[in-house]
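Residues in the sequence shown are numbered consecutively from 56, following my numbering.
Here a beta-carbon is modelled for each residue, glycine too, at the ideal position from N, C-alpha and C.
One structure is given below, encoded as structure tokens.
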Amino acid sequence: MAQAKKRTKQARVVSQAGKKADKPLLEVARRSDATPSPAERRDTEERSISLTLPTQIGKQQLDRYKMELSQVTLDILEAQGMYNASIEEPKTKLKGLRAEKNKAAQDNDRASGEKIAALMDQIDRVTEGLAELDTQHKAEVAKMEARAKKLASMIRSSVDYSPVKCTLLKNYLTKQQTVTRDDTGEVVEQKAIPLEELQQALPEGD
């Protein structure tokens, strides 16, 4: 009877020891079977981007810019001449209408009042036409002058700003990101990866 109780007690101890040993083994098995997240698998991230960067202008291109600047300057002068010619007639007409209105005002009767009203209507239409011509001319000249200023700047500096293909490399181990030009290999920018981006990219517990 005593031996039977001893065997039963030993069986309980073995059973409890087995249960205690099974739990950590099961946890290890679950961790090894789990699929790692993208953040756990990557240490770096690389992608292509396009940036507007300064580029040295070659001699032939520089000569073309000089010729274009001369042409744009001539175009501005021509536009100014065409504008002056286009407003000459309506300005003369406007001057005549105003003189006629002043003359009618001196008559100071009902007929002159009707005439003044008609003249004022014509004056308004001519004035609006002149304002429209002025707006169009200013917009056209402003566009050409902006191009002329850009050409002059490029000619002086021999540098143009244009889209350039670059590579953005993010290193989550060093917590740094680098932008490099694809054409020259020059490092354009190097700085720390923003903290909020690191928190999203790094595995939990890091």
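Residue environment, residue i, which counts as buried when at least 16 other CB atoms sit within 10 Å
| i | result |
| --- | --- |
| Met137 | exposed |
| Lys158 | exposed |
| Glu241 | exposed |
| Tyr227 | buried |
| Met209 | buried |
| Tyr216 | exposed |
| Lys225 | buried |
| Gln231 | exposed |
Contacting residues, own chain, Cβ-Cβ under 6 Å from residue i (five flanking each side not counted)
| i | result |
| --- | --- |
| Leu149 | Val181 |
| Ile178 | Leu152 |
| Thr99 | Asn226 |
| Ala194 | none |
Nonlocal neighbours in the same chain, by C-beta distance under 7 Å from residue i, ignoring five residues either side
| i | result |
| --- | --- |
| Glu155 | Leu174 |
| Glu187 | none |
| Lys121 | Ile210 |
| Gly123 | One detail in the question is off: residue 123 reads as Glu in this sequence, not Gly. Excluding positions up to five away in sequence, the list reads Leu206. |
| Leu81 | Because Leu81 sits at a pLDDT of 34, beneath the cut-off of 50, its placement in the model cannot be relied upon, and the following sentence gives the value as read from the coordinates. Excluding positions up to five away in sequence, the list is empty. |
| Lys170 | Ala159 |
Rounded distance between the beta-carbons of residue j and residue i, thought under 8 Å
| i | j | result |
| --- | --- | --- |
| Ala197 | Val127 | With a Cβ gap of about 12 Å, Ala197 and Val127 do not count as contacting. |
| Leu185 | Lys146 | 7 Å |
| Val234 | Ile112 | Actually they do not touch by this definition, with Cβ atoms about 22 Å apart. |
| Met199 | Ile142 | Met199 to Ile142, Cβ: 19 Å. No contact. |
| Thr110 | Val219 | 7 Å |
Length of the line joining the Cα atoms of residue i and residue j
| i | j | result |
| --- | --- | --- |
| Glu133 | Ser125 | 13 Å |
| Ile104 | Arg236 | 10 Å |
| Gly168 | Gln161 | 10 Å |
| Thr229 | Gln116 | 42 Å |
| Pro249 | Ser212 | 35 Å |
| Glu183 | Leu129 | 29 Å |
| His192 | Glu144 | 16 Å |
| Glu251 | Leu108 | 27 Å |
| Gln254 | Leu106 | 26 Å |
| Asp164 | Ala140 | 38 Å |
| Gln135 | Asp176 | 29 Å |
| Thr190 | Ala172 | 27 Å |
| Arg119 | Ala201 | 17 Å |
Nonlocal neighbours in the same chain, by C-beta distance under 8 Å from residue i, ignoring five residues either side
| i | result |
| --- | --- |
| Glu101 | Thr222, Leu223, Leu224 and Lys225 |
| Asp238 | Val219 and Lys220 |
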